[in-house]
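Data first, discussion second: the structure below is written as structure tokens.
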Amino acid sequence: MTDTAENRQLDLASAQGLPEEQAAFFYLGPSKQVAEGVIFLSSFANVCAFINDGKVLLVDTSVERFTKRVLADLRDNYSKGPVEAVVYTHGHVDHVTGAEEIIADAQALGHGRPRIIAHSAVAPRFDRYRLLARQNDNINRIQFNLPADAAPFSNAKLTYPDTTYDDAIETTVGGEVFELHHARGETDDETWVWCPSRRVLCTGDTFVWSAPNAGNPYKVQRYAKDWADALEKMAGLKPEHLLPGHGPALSGEERIQDALLSTAHLLRSIHDQVVAKMNEGKWLEDIIREMDWPSTDKPWLQPVYDHPEFIARNVYRLYGGWYSGDPADILPAHSHDVAAVLVDTAGADPILARARKVRDDGDLQMACHLVDFVRKGQPDNREAWELWRDLFSQRAEAERSLMARGAFHSAVRDAEARLKELDA
Ligand SMILES: [Zn+2]
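Residue numbering for the sequence shown follows the working numbering, starting at 5 and increasing by one per position.
Okay, structure coming up:
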């Protein structure tokens with residue numbers, strides 16, 4: 005789906021080695037005018053420009069390193085008019101860190117500083133990013149399989165909004181009215197934008213050409229039910245154009261209804277099943293085993309980023325505690341100590357032999373659990389680390405969810421580092 009050499013270098017997509025048919029989430033296409041004065045600036049985290057009476061409203065800024073290119077495209081091809089307002093759809097760094105570039109562009113053109121409008125929870129999010137910058141750097145290196153020196157949070161330029169709201173707000177740019185609506189979904193600080201006169205909807209990351217990022221195992225809570233509610237509310241407006249936070253724009257009322265409502269259905273189905281089973285007194289691992297997973301057949305529901313199982317886990321986390329239901333786990337020994345006793349009892353060789361057997365029978369998941377005991381219980385066991393590395397390389401190759409692959413790649417890196425130590 006990527007279409008130029010430059011685009012193919014987009015490091016997030018290429019670092020993941022995503023096959024092109026799965027790459028809609030990472031889509032970078034040419035900018036285009038989707039309706040009179042409505043410009044879709046595809047840019048990994050996309051930017052939407054609304055131009056009316058020579059004035060510009062931008063929805064999102066993209067990530068800093070792409071914003072110059074976005075602005076050059078806007079200025080060369082569509083408008084040299086003042087950007088009067090920038091709306092953040094949420095505070096994720098890929099959507100907001102270009103704000104300084106936009107302010108610099110305004111200064112260079114002799115325009116006033118644009119208003120920056122966002123939900124009131126964006127500022128506390130930025131505060132948290134500052135508090136936990138290095139933790140977030142580390143987590144993002146795992147989640148996106150980034151190089152060891154990547155520091156996307158420590159280096160993030162966070163420009164705080166100057167205009168905030170709680171539930172909904174209207175703003176006017178160039179005489180055109182825009183409705184900004186808050187909903188919790190991927191984040192607690194989301195804004196989706198509706199331009200009624202042009203029937204254009206900017207969803208932010210409420211729609212991203214992937215099974216919704218409502219499960220992310222690395223990050224703070226997501227809100228599956230509120231997300232489904234928001235998608236249904238958007239569908240009720242009958243948009244003609246849908247401009248998503250990631251991936252290509254969608255046009256045509258019927259197709260957009262399908263996109264919004266099928267995504268809502270997936271979230272609601274997972275949410276309602278988890279809630280029903282919690283009310284039956286079930287613990288998380290049994291709930292996961294009993295789920296009737298909704299279809300992810302639609303091109304925008306492919307589990308290429310998040311994973312339906314992660315969504316179920318996050319619904320449970322929203323409503324439940326962290327206790328697994330296993331009394332041995334409420335005040336547990338360290339897993340390495342448990343593994344050491346088990347390996348001492350059963351012997352490393354039989355466990356590793358069984359791991360190879362289940363791997364050869366095709367059960368990589370179980371093979372990983374077995375090797376996990378040995379690499380923890382006997383941290384000097386070379387064979388265990390080699391098997392650990394090989395199993396996770398194999399799983400990384402077969403896995404479609406970027407989030408899961410991130411953890412698999414980190415297992416491979418840990419094994420390689422440990423093997424190097426053992427060689428030294
Ligand atoms: Zn995003």
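For glycine and all other residues, C-beta sits at the position ideal for the given N, C-alpha and C.
Less than 8 Å divides the Cβ of Tyr169 from the Cβ of Ser124. Look at the beta carbons and you see the segment 112 to 123 touching the segment 75 to 86: at least three pairs across the two are nearer than 8 Å. Short of 6 Å from the beta carbon of Ser328, and not among the five residues preceding or following it, lies no beta carbon of its own chain. Scanning the segment 85 to 149 from its first residue to its last, the whole alpha helix (DSSP H) runs of 4-plus residues come out as 97 to 100, 103 to 112, 126 to 135, 137 to 147. Excluding its 5 nearest sequence neighbours in each direction, Asp209 has C-beta neighbours in its own chain below 6 Å: Glu190, Gly249, listed in chain order. Within the segment 21 to 66, complete beta strand (DSSP E) segments of at least 3 residues are found at 36 to 39, 42 to 45, 51 to 56, 59 to 63, given in chain order.
Take Lys36, set aside five residues on each side of it, and the residues of its chain with a beta-carbon closer than 7 Å to its own are Phe44, in chain order.
With the criterion CB distance below 6 Å from any heavy atom of ligand 1, the matching residues run Ala49, His96, Asp98, His99, Asp209, Gly249, His250 along the chain. If you look at Pro354, you'll find it in the alpha helix (DSSP H) that goes 352 to 364. In the three-state reduction of the DSSP assignment, Trp213 falls in the coil class.
Around the beta carbon of Asn159, fewer than 16 other beta carbons lie within 10 angstroms, which makes this residue exposed.
Counting C-beta pairs closer than 8 Å gives fewer than three between the segment 273 to 283 and the segment 236 to 248, which falls short of the contact rule. For Phe314, the secondary structure class from DSSP, reduced to helix, strand or coil, is helix.
The C-beta distance from Gln147 to Tyr227 rounds to 19 Å, too long to meet the 8 Å contact threshold.
Under the three-state reduction of DSSP, Leu162 is assigned to coil, being neither helix nor strand. In this chain, the beta strand (DSSP E) harbouring His185 covers 180 to 187.
Judged by their CB atoms, Thr267 and Leu241 are not nearer to each other than the 8 Å cut-off.
Annotated three-state conformation of Glu174 is strand, per DSSP. With respect to the C-alpha of Tyr133, the residue from Glu40, Leu426, Pro156 having the closest C-alpha is Pro156.
When the Cα atoms are used, Glu180 and Glu244 turn out to be separated by approximately 17 Å. Glu289: member of the alpha helix (DSSP H) spanning 288 to 294, first to last residue. Residue pairing for Trp196: DSSP places it in a beta bridge opposite His185. In the structure shown, His250 adopts coil according to DSSP, grouped into three states.
About 5 Å separates the Cβ atoms of Leu246 and Ile260, confirming a contact at the 8 Å cut-off. DSSP, read as helix, strand or coil, puts Thr300 in coil. Between Val319 and the set Val345, Trp231, Ala337, the nearest pair of CA atoms involves Trp231. Ser255 has His245 as its beta-bridge partners, per DSSP.
Distance between Ala332 and Gly325, taken at the CA atoms: about 16 Å.
The three-state reading of DSSP puts Val278 in helix, counting H, G and I together. If you ignore the 5 residues before and after His99, its C-beta comes within less than 8 Å of the C-beta of Ala49, Asp64, Thr65, Ser66, Val67, Tyr92, Thr93, Gly208, Asp209, Gly249, all in its own chain and listed in chain order. Separation of the CB atoms of Val375 and Ala400 is rounded to 15 Å, and the pair is thereby denied contact status at 8 Å.
For Leu78, the enclosing alpha helix (DSSP H) starts and ends at 68 to 81. Around the beta carbon of Thr101, 16 or more other beta carbons sit within 10 angstroms, so the residue counts as buried. In the DSSP assignment, Thr167 is bridged to Ile121. Each residue's CA atom was taken as its position, placing Asn142 and Asp418 some 14 Å apart.
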